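Numbering (our numbering), first residue to last: 7 to 173. Here the structure is laid out as structure tokens; the discussion comes afterwards.
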């Protein structure tokens, strides 16, 4: 049984949004000691100890650019911006993962009489958040994800100086 503890907000930096080349990621064989050295303390607590960040404390909750949300532990693509919606809960919310293999679901009985479904990264087993059955169509699901467990990689911006034929 995992214990879920709210993490107090800390000042955020642009580390939630960066190019994949500037990020360091672990692998399925990364040890807990290595995770502790690799991940920021808040991210380690959330992903390796099943913690929960305070609502409205992460800038990814209000991220509106097109792009891909990858796991902060292994860098695997998890969600696309097209699957994100404003749930009003204070955590980034998505109606589906990027594909059916991106995440695993596990029963979470850490709160007595309130069974939930935990969302875990498929590749490295990091805790992301929970999924609920109160989301929008087409799935009716709300993947409620801790922003500190994600990194956002914006789509490349299309060039505004495209060539025009015939001018």
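In this text, a Cβ means the ideal position worked out from N, Cα and C, and glycines have one as well. It should be emphasised that the depicted structure is a prediction, and the values quoted were computed from it without experimental measurement.
Where residue i falls, given that 16 or more other Cβ within 10 Å makes a residue buried
| i | result |
| --- | --- |
| residue 93 | buried |
| residue 72 | exposed |
| residue 37 | exposed |
| residue 152 | buried |
| residue 33 | exposed |
| residue 139 | exposed |
| residue 39 | exposed |
| residue 111 | exposed |
| residue 88 | exposed |
| residue 48 | buried |
According to DSSP, residues forming a beta bridge with residue i
| i | result |
| --- | --- |
| residue 135 | 125, 151 |
| residue 91 | 99 |
| residue 40 | DSSP output for residue 40 lists no bridge partner at all. |
| residue 77 | 156 |
| residue 161 | DSSP output for residue 161 lists no bridge partner at all. |
| residue 83 | 76 |
| residue 111 | 125 |
Residue nearest to residue i in terms of C-alpha spacing, selected from the options
| i | options | result |
| --- | --- | --- |
| residue 159 | 74, 35, 57, 45 | 74 |
| residue 85 | 97, 101, 70, 96 | 101 |
| residue 135 | 119, 118, 156 | 156 |
| residue 68 | 33, 46, 39, 96 | 96 |
| residue 201 | 99, 152, 113, 120 | What the structure shows of the chain is the stretch from 7 to 173, and residue 201 is not part of that stretch, so it cannot be assessed. |
| residue 150 | 120, 115, 162, 103 | 103 |
| residue 79 | 132, 144, 162, 145 | 132 |
Contacts around residue i, its chain only, beta-carbon distance under 6 Å, and the 5 residues preceding and following it disregarded
| i | result |
| --- | --- |
| residue 141 | 101, 147, 148 |
| residue 122 | 114, 136 |
| residue 31 | 80, 81 |
Close Cβ partners of residue i (< 8 Å) along its chain, the five nearest in sequence each way excluded
| i | result |
| --- | --- |
| residue 82 | 76, 108, 127, 128, 129, 130 |
| residue 91 | 99, 100, 101, 141, 142 |
| residue 8 | With a pLDDT of only 42 at residue 8, under 50, the local geometry of the prediction cannot be trusted, and the value read off the model is given with reservation. For residue 8, where only same-chain residues beyond five positions count, the Cβ hits under 8 Å are 55, 56, 114, 116, 124, 133. |
Sequence-distant residues of the same chain with beta carbon closer than 7 Å to residue i, five excluded per side
| i | result |
| --- | --- |
| residue 61 | 95, 96, 97 |
| residue 145 | 101, 102 |
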